[in-house]
Every structure is written in structure tokens, then in C-alpha cells.
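Protein chains in written order, with our numbering: chain A, 105 to 255; chain B, 69 to 256. Worksheet for the structure shown next.
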Amino acid sequence: MTALSSSRRLVRCSAFAGMAMLLFLALVSPLAAQDTMPPAPYAYRQLDDPAQEAQAQALMETLRCLKCQSQSIADSDAPMAGDMRSQVRQRIAAGEEPEAIRAWLVERYGDYVSYAPRMTPLTWPLFVLPIVLLALAALLLRCRFLGGRDQ
Amino acid sequence: MRSPDAPPERPAPRRWAIWLPLGLFVGFVLLVLIGLLRPADREVASAMIGKPLPAFDLPPAIPDRPGLARSDFAGGKPRLLNVFASWCIPCAVEAPQLDALAKEGVEIDGIAIRDRQEDIAAFLARNGNPFTRIGADDVSAVQLAIGSSGVPETFVIDAGGVIRYQHIGEIRADQLPLIRAKLKEAEQ
């Protein structure tokens, strides 16, 4: 009887300790390597002109966050992504073309920073291959069906 | 010879074709294994190597060192440009190596990313201060302009202000010879 209740208490106790540990980790780990500076001016603030903001938003959705590489800078809360958003918005507000801003970043980080696919000597097979495969499939189907009718 | 209007013969079934699915499957498994055993390099290298530093002018990050501007990189010997932050743990790991290089006479300039004056002062008091100048980059503007994607990163800049090498991540003790070699290389 007592053994049972003490073992049950042990289970409950360790569950509590586990939860406390998780909570502690959740609170502590993001702080370990993050700065405490306020975000850049336009990291979380939209531009006043809706047309310019739409332009900036469209561009930010196709720029890669360099810290969290599967996210766009529009999606990421990394401080560096905030700094990039702020820079994009400020440049758009200053009248710069979105593609010029993209080119500026590509000049610094390579094609990797942009999510917009480009046709280059390295990437053209990606664009051509689907067409070739479709043509091949059409040819194959034609041979099969027309061949069958001939018999 | 076959007459042209005779029905075409059905080709004999090809024996090798039955191995095709297995072959494709083995190829797929190999591809996955390569991806698992040798994961792709996730570091983003700067595309600015071989290009001159862009124009910038950063205010001093701490009172007892001057700020950092593009015009500081003219003449003299090749030097190091270290992108760091007090909140960055690997930056503390590389501090002894930077100190060693500074003692050898290498000029090291720093860019402090998104940092507070008192935090930088405490960081340098704790880990040593190898920097000649430290510029404060509060919105990562210069970091973006030189194609750096994190802290710490160290750039070798030659006497003409051209970026010659980028070291991503902390400089570990066994990488000191590499940095010295890159500095020597940048003399030419």
C-alpha cells in the first residue's frame, strides 16, 4: 500500500521535474545567443504608402533569411532578417527598384539569397527537362495507342 | 526482307528491363545515404571575395576605441576585419586566437553587430581587446554590405582595401596557421 503510493508520488514528482526542466529550457535557450537591441526601424513597421509596402512585401517573400535558411525574411523573426526587412523597406521608400535590391543582395551572397528562380548555365536543365519529359511521354503514348490501332 | 505493309513484329521482351526498378531503387537509396552521411554545407559564403570593401562609416562602439570607416582601409599591411558581438558565444571562444594574432602585430578591426556599449566593454574586459578600431553596426548594415551572414566572421583585407578571404565561424587554435597564411597571401 505505502510502496504503491510512494511510487506514484515518485512518478508525479519526476513528471513535474521534467515539465519544469522543459519550461526552464524554453525560457533560457533562446536568450543564450540573441542580442537585446531593439529591432531596426522598419523591421516590424510597414511603409506608409500601401503600394510601396506591397512591393517591399513581395520582394521580402522571395529573399532568404541567412540565419534560418528555409524561411524568407518576411517569415523569420531572426534579428538579422529584421535588419534585412528594414533595409528593403527603406530602399523601396527611397525609390529603389525591387529587382535592383535583389541584385545588390545577390552580388553579396550569391543566388542562394534569392528564392526567385533564374535561368543560368547551371539551372537551365531544370527548366528544359520537364518539357523534354512531356514530349517524351506524348511520343510514347502516341506510339502505344497508334501502334495498337495498326494491329 | 519484310514487305512494307506487313504488320510489325512485337519486340521480344527485354530481360534487362525487369532489373530497372531495382536499379532505380538502389540509386535512390544511394542518393539518400550520401545526403545523410555528407550533409550539404549550410554556410553562406560571401560573394565579395576579390572585391573592394564597400563604403561605410560606423560610429565607435566603445569610448576608448575609434569607430571604423572604409577610409581606414588604405595602405599598410593586410589586416583582419572581425565581425563579432558580445552576445555571441563562439566570439568568446576565438578571443585568445585574435589576441595571439594582435600580439604578433596583426592589425584587427572589429564590427560589433547589434550590441550595447556596456555589453561590449564587459565582453572585452573578460576576453581581452585585440581591436584597433571597433565600429558599431546596430542594424547589420555593413554586415549585409560585405556579405557576412553571422557572427563571428573574419575577413582578410589587403592593403588596397580588397576583401581577400572570409573565415566563417570562430577561429580555432588549429586554424591560426591558416589565417597567417591568408594574411601572407594578401601581401601580394
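Every residue, glycine too, gets a C-beta built ideally from N, C-alpha and C. Note that this is a predicted model, so its numbers are computed, not measured.
Proximity of glutamate 201 of chain A to chain B, defined by a Cβ-Cβ separation below 9 Å, is not satisfied. Of A:Ala197, A:Cys169, A:Gln173, the smallest CA-CA separation from glycine 186 of chain A is found for A:Cys169. Residue environment: methionine 116 of chain B is assigned as buried (16 or more neighbouring CB atoms within 10 Å of its CB, all protein chains considered). One finds Asp139 in chain A with Cβ atoms closer than 7 Å to the Cβ of alanine 153 of chain B, taken in chain order. In the assembly as shown, leucine 251 of chain B is a buried residue. Its beta-carbon has 16 or more other beta-carbons within 10 Å. Burial is judged here by how many other beta carbons sit within 10 angstroms of a residue's own beta carbon; phenylalanine 141 of chain B has at least 16 and is buried. Nearest to glutamine 191 of chain A by C-alpha distance, out of A:Arg149, A:Gly251, A:Gln138, A:Pro234, is A:Arg149. Contact check for leucine 167 of chain A against methionine 188 of chain A passes: the beta carbons are separated by less than 9 Å. Classified as exposed, alanine 85 of chain B has fewer than 16 neighbouring CB atoms from the shown chains inside 10 Å of its CB. Residues of the stretch 161–187 of chain A with a C-beta atom less than 8 Å from some C-beta of chain B are Leu170, Lys171, Gln173, Pro183, Met184, Asp187, listed in chain order.
If you check the CB distance, glycine 135 of chain B and glycine 203 of chain B come in under 9 Å. Your pair phenylalanine 199 of chain B and leucine 149 of chain B does not check out as a contact, with CB atoms roughly 10 Å apart and the cut at 8 Å. Nearest Cα to cysteine 159 of chain B within the set B:Phe191, B:Asp206, B:Tyr233: B:Phe191. Within the model, the alpha-carbon separation for serine 180 of chain A versus alanine 144 of chain A is close to 14 Å. When DSSP states are grouped into helix, strand and coil, serine 190 of chain A belongs to the helix group.
Within chain B, Ser114, Ala115, Met116, Leu212, Ala213, Ile214, Gly215 have C-beta atoms less than 8 Å from the C-beta of arginine 212 of chain A, given in sequence order. Going by DSSP, alanine 209 of chain B is part of the alpha helix (DSSP H) stretching over 209–213.
Annotation: arginine 106 of chain B to glutamate 238 of chain B spans about 22 Å, alpha carbon to alpha carbon. About 16 Å separates the beta carbons of phenylalanine 152 of chain B and valine 207 of chain B, which is beyond the 8 Å limit, so they are not a contact pair. Inclusion of leucine 151 of chain A and isoleucine 205 of chain A in the CB contact set at 9 Å is not warranted, their separation being larger than that value. Take the alpha-carbon of leucine 250 of chain A and the one of leucine 237 of chain A: they are about 20 Å apart.
Secondary structure note for glutamate 221 of chain B: its beta strand (DSSP E) is the uninterrupted segment 221–225. Leaving aside the five residues that flank valine 100 of chain B on each side, none in its chain has a CB nearer than 6 Å to its CB. In the same chain as lysine 119 of chain B, and ignoring 5 residues on each side of it, the C-beta atoms closer than 8 Å to its own belong to Val230, Ile231, in chain order.
Bounds of any alpha helix (DSSP H) do not take in glycine 178 of chain B; it lies within the beta strand (DSSP E) bounded by 176–181.
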